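Residue numbers (this note's numbering), protein chains in the order written: chain B, -11 to 490; chain W, 409 to 594.
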């Protein structure tokens, strides 16, 4: 098998002492930021981007992938013990997990989350290894017009499927797209939205936008909401499961993986959807449906597995067609770009060893994470006892660090502040940040592909719907745009009738 | 223990999951009111942003291309304007729906606290080139922690100094990212 031998070469690259150390650092930092409320993997990878100046690409990407996977493990710890999921994808696990913790069953909840994450993450990584190359082989034949259609789907789904309200998701996407317009337009050299400010000519640095919207928005709205944290549930005993817990967990892990990977691998946003699907499925199939809402272990096992499988799935469109469908994936894409690498079908030909070293590091990272999260669960739980004011003050220090490390000065700090205030409004309004980050990074790529497509067709717009594939893609994009609004309206009407009759 | 009643859920829809943990309904209303108001303000900001982008688009030369430098600003500007307007309408509606019950969300103190954080950040930006990163970040951490309610004020600055020094060692000395150095070199 070709992929297999490439993967073995990848392992050889990934087990050098430096790369192992970087993987360990990545998963440790990732778990920590996943546990701490207010910081997530997207922000952390953004803050670590300057490290690309110091490391060769393989090492840096291994580090970032570790943070990405680690964040998923850490997020569930917070969801279970604190009930304020750090990652939106851990929202569902908080439902049953926190109930279990309140009933004194925090240990099995954490165990099923960690082992489930490991099982799902490993299965998904195996699948990822073997579907990536075939996928890239198909993607080689995509025309610029097809890319335009694919990106349209990504835009629409990221906006409408993340967060609670499609309108707010679209608003977030547009904010990101607007910020992405800032700077010199590459083809004509005309400045867009720079207002004569020199620092804006190069565009707004991704780090600054991520820091402003994630960190500053978070800290300031925390200040406005008047501080205070949740109640941390104590963790007694070792994180082990009884035989019964295990018997109830493993089918849920596998089903969660089956939901998570394919949906995550679609070139569309919405890695949270599989967690909802998994929860609903476990509830329907459970022999103990009465336990749901009071701490059913399947309700933790399934969604957590789905969450991690989806995280691996997201790497499929990222690596094979260069399409990020989550905030962290978008920031990792910029890491590739800072090395002059463009993820996409060519990546496998041009930088095959890099890709397979990265994939190998994911296997290693998953094992490290299992070790980090099972015996050391208490250590991570202790992180939650850090008072909120210290965490938020620390976030602010790291936020400003991000600006300096991206080479910014005073003017950039002011840009940070302005965007930060926008971030506060978004946080208060319940507008998700991820669509903005995806829009910021995908917007310019979309423009490039669109112009490339029209250059080939000599300005004929019908080229965008020329092939059956592109027609299909646009239909999907249109449906993804219209359906959430239509369903929302239907559901709203439903609720009103229920309210009127009740 | 006030565990919520088993809700009559047919399926775990997103709304159920979101609403599932809102035990305190008054707090939820305050939250909804605030989110509504913030949405309306954000919508207004987006309307302005949309207009600015459209004005920019008019000023760009599209060089007789179907899709030129001005196309994206036209498109994004128009959509931003439109969605901003929708958000204003929606936010106002949400706020009035929730506002009947919950009159006041934030107190004056909450706004002061946030204002203080803005000022802290601006002052930090101005002062750092003069005093260097470590001193600046120590002050930033200390003041922020105290504003957010850390009781031991001296400790706030001690912890702040440790964080700042560690960051400086890791990033400036370790990774080699030049952080602003004060007159004393750190």
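Backbone N, C-alpha and C fix where the C-beta goes; we use that ideal spot for every residue, glycine too. For clarity, every value in this text was computed on a predicted model and none was experimentally measured.
For residue i, three-class secondary structure by DSSP
i: residue 93 of chain B; result: coil
i: residue 429 of chain W; result: Residue confidence for residue 429 of chain W is low, a pLDDT of 43 falling below 50, so the modelled location carries little weight; the figure read from the coordinates is stated next. Residue 429 of chain W: coil per DSSP, three-state reduction.
i: residue 171 of chain B; result: strand
i: residue 226 of chain B; result: coil
i: residue 572 of chain W; result: helix
i: residue 179 of chain B; result: strand
i: residue 368 of chain B; result: helix
i: residue 131 of chain B; result: coil
i: residue 280 of chain B; result: coil
i: residue 594 of chain W; result: coil
i: residue 327 of chain B; result: coil
i: residue 354 of chain B; result: helix
i: residue 305 of chain B; result: helix
i: residue 559 of chain W; result: coil
i: residue 321 of chain B; result: helix
i: residue 450 of chain B; result: helix
i: residue 295 of chain B; result: helix
i: residue 373 of chain B; result: coil
i: residue 270 of chain B; result: helix
i: residue 153 of chain B; result: coil
i: residue 360 of chain B; result: helix
i: residue 486 of chain W; result: helix
i: residue 58 of chain B; result: helix
i: residue 10 of chain B; result: helix
i: residue 275 of chain B; result: coil
Which listed residue (the options) has its alpha carbon closest to that of residue i
i: residue 140 of chain B; options: B:276, B:82, B:452; result: B:452
i: residue 176 of chain B; options: W:477, W:516, W:583, W:587; result: W:477
i: residue 584 of chain W; options: B:401, B:43, B:56; result: B:43
i: residue 430 of chain B; options: B:108, B:380, B:305, B:450; result: B:305
i: residue 341 of chain B; options: B:78, B:92, B:117, B:33; result: B:117
i: residue 457 of chain W; options: W:470, W:492, W:436; result: W:492
i: residue 68 of chain B; options: B:210, B:374, B:355, B:368; result: B:368
i: residue 497 of chain W; options: W:568, W:551, W:562, W:446; result: W:446
i: residue 120 of chain B; options: B:165, B:-9, B:169; result: B:-9
i: residue 525 of chain W; options: B:311, B:204, B:240, B:327; result: B:204
i: residue 542 of chain W; options: W:574, W:487, W:481; result: W:574
i: residue 598 of chain W; options: W:531, W:556, W:555, W:553; result: The question about residue 598 of chain W has no answer, for chain W in this structure spans 409 to 594.
C-beta contact flag for residue i and residue j at 8 Å
i: residue 194 of chain B; j: residue 384 of chain B; result: no
i: residue 323 of chain B; j: residue 245 of chain B; result: no
i: residue 35 of chain B; j: residue 389 of chain B; result: yes
i: residue 29 of chain B; j: residue 56 of chain B; result: yes
i: residue 289 of chain B; j: residue 237 of chain B; result: yes
i: residue 329 of chain B; j: residue -2 of chain B; result: no
i: residue 537 of chain W; j: residue 392 of chain B; result: no
i: residue 549 of chain W; j: residue 568 of chain W; result: yes
i: residue 229 of chain B; j: residue 19 of chain B; result: no
i: residue 413 of chain B; j: residue 450 of chain W; result: yes
Cβ-Cβ separation, residue j to residue i (assumed contact under 8 Å), whole Å
i: residue 148 of chain B; j: residue 468 of chain B; result: 6 Å
i: residue 461 of chain B; j: residue 134 of chain B; result: 7 Å
i: residue 468 of chain W; j: residue 180 of chain B; result: 7 Å
i: residue 47 of chain B; j: residue 22 of chain B; result: Contact flag wrong, Cβ pair sits at about 22 Å.
i: residue 274 of chain B; j: residue 292 of chain B; result: Residue 274 of chain B to residue 292 of chain B, Cβ: 16 Å. No contact.
i: residue 301 of chain B; j: residue 255 of chain B; result: No, residue 301 of chain B and residue 255 of chain B are not in contact; Cβ-Cβ is about 11 Å, not under 8 Å.
i: residue 351 of chain B; j: residue 16 of chain B; result: 17 Å between Cβ atoms; not a contact.
i: residue 6 of chain B; j: residue 427 of chain B; result: That belief does not hold up - the Cβ atoms of residue 6 of chain B and residue 427 of chain B are roughly 35 Å apart, past 8 Å.
Contacts that residue i makes with chain W (C-beta to C-beta distance below 9 Å)
i: residue 564 of chain B; result: Any question about residue 564 of chain B goes unanswered here, given that chain B covers just -11 to 490.
Interface residues of chain B facing residue i [CB-CB closer than 7 Å]
i: residue 538 of chain W; result: Going along chain B, no residue has its Cβ under 7 Å from residue 538 of chain W, so there is no contact; the nearest lies around 11 Å.
i: residue 481 of chain W; result: 169, 180
i: residue 532 of chain W; result: 388
i: residue 475 of chain W; result: 438, 439, 442
i: residue 562 of chain W; result: Neighbours of residue 562 of chain W on chain B: none; closest Cβ ~14 Å, over 7 Å.
i: residue 457 of chain W; result: 166
i: residue 552 of chain W; result: 380, 381, 384
Proximal residues of chain B, C-beta to C-beta of residue i below 9 Å
i: residue 549 of chain W; result: 378, 381, 382, 384, 385
Chain W residues whose Cβ lies nearer than 7 Å to that of residue i
i: residue 165 of chain B; result: 484
i: residue 435 of chain B; result: 480
i: residue 393 of chain B; result: 579, 585
i: residue 39 of chain B; result: 583
Contact set between residue i and chain W, taken where Cβ atoms lie within less than 8 Å
i: residue 208 of chain B; result: 522, 525, 526
Chain-ordered neighbours of residue i on chain B, where CB pairs are closer than 8 Å
i: residue 447 of chain W; result: 156, 417, 418, 419
i: residue 443 of chain W; result: 416, 417, 418
Check your understanding: the stretch 172 to 192 of chain B: which residues have C-beta closer than 7 Å to a C-beta of chain A, in chain order?
Key -> Annotation note: the requested chain A is absent from the structure, which comprises protein chains B and W.
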